[in-house]
Amino acid sequence: MCREREIDQNQVDNTAMEQYNQLLEQLHSELDELLMTTAHLQEESIRLEHEARKLINENMQVQIEARLLKEKYRHRRRHSLPLGTSRLNFRQLKRQIQRQRQSFNRFERRLRAKYEQPLHEIVSNSTTYQQQRRSRRIRSIPSESID
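Residue numbers (full-length UniProt numbering): 1 to 147.
Below, the structure is given as structure tokens:
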């Protein structure tokens, strides 16, 4: 009888070990699945982050160009040639146009220097700079008088 009890205990122990091994295999397979989905989600997150940066960069460029066009339009309307007020001969008209062109070129250089930023400042890897940049809004240029 002692032998039978020992055999019975061995059989019970074997089934317990088999169940334990099955649970371990199941846990390993679930862990592998979780690791695979985590890796896939990380890759997807990186891809989406790159797309978002690209879209943000494009959006900022569009905003900058729109603001530049708006300011150029305002400048040209404010500083148009006064043709109707006085009669100018050709030489005076030519000088007036040259002054106007120089004035506009100076205005455009100042405008671009103020609004255009290097690409590494617009899209940077540091999160602190991105948070600072998100909180800062681009303000419109106050009207500038050009002499």
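Using N, Cα and C, we set each Cβ at its ideal position, and we do this for glycine too.
Source: prediction; values computed, not measured.
Residue i burial status per 10 Å Cβ neighbour count (16 or more: buried)
{"i": "S126", "result": "Any reading at S126 needs caution, since the residue's pLDDT is 48, under 50, leaving its predicted position unreliable; the model's value is listed next. By the 10 Å Cβ count, S126 comes out exposed."}
{"i": "H40", "result": "exposed"}
{"i": "E71", "result": "buried"}
{"i": "F90", "result": "exposed"}
{"i": "Y20", "result": "exposed"}
Chain D contact for residue i (CB, 7 Å cutoff)
{"i": "R101", "result": "No chain D is part of this structure, which consists of one protein chain only."}
Spatially closest choice to residue i from the options, by CA coordinates
{"i": "R101", "options": "H75, L68, E58 and F90", "result": "H75"}
{"i": "L68", "options": "R110, M36, E58 and I97", "result": "R110"}
{"i": "A66", "options": "E18, N14 and R112", "result": "R112"}
Close Cβ partners of residue i (< 8 Å) along its chain, the five nearest in sequence each way excluded
{"i": "K54", "result": "none"}
{"i": "L27", "result": "none"}
Beta-carbon proximity list for residue i, same chain, < 6 Å, skipping 5 on both sides
{"i": "E44", "result": "none"}
Close-in-space but distant-in-sequence residues of the same chain around residue i (CB under 7 Å, 5 per side omitted)
{"i": "L35", "result": "none"}
{"i": "L48", "result": "none"}
{"i": "E116", "result": "I64"}
3-residue-minimum beta strand (DSSP E) runs that sit fully inside the segment 18–88, ordered along the chain | The segment 18–88 contains no whole beta strand (DSSP E) run of 3 or more residues.
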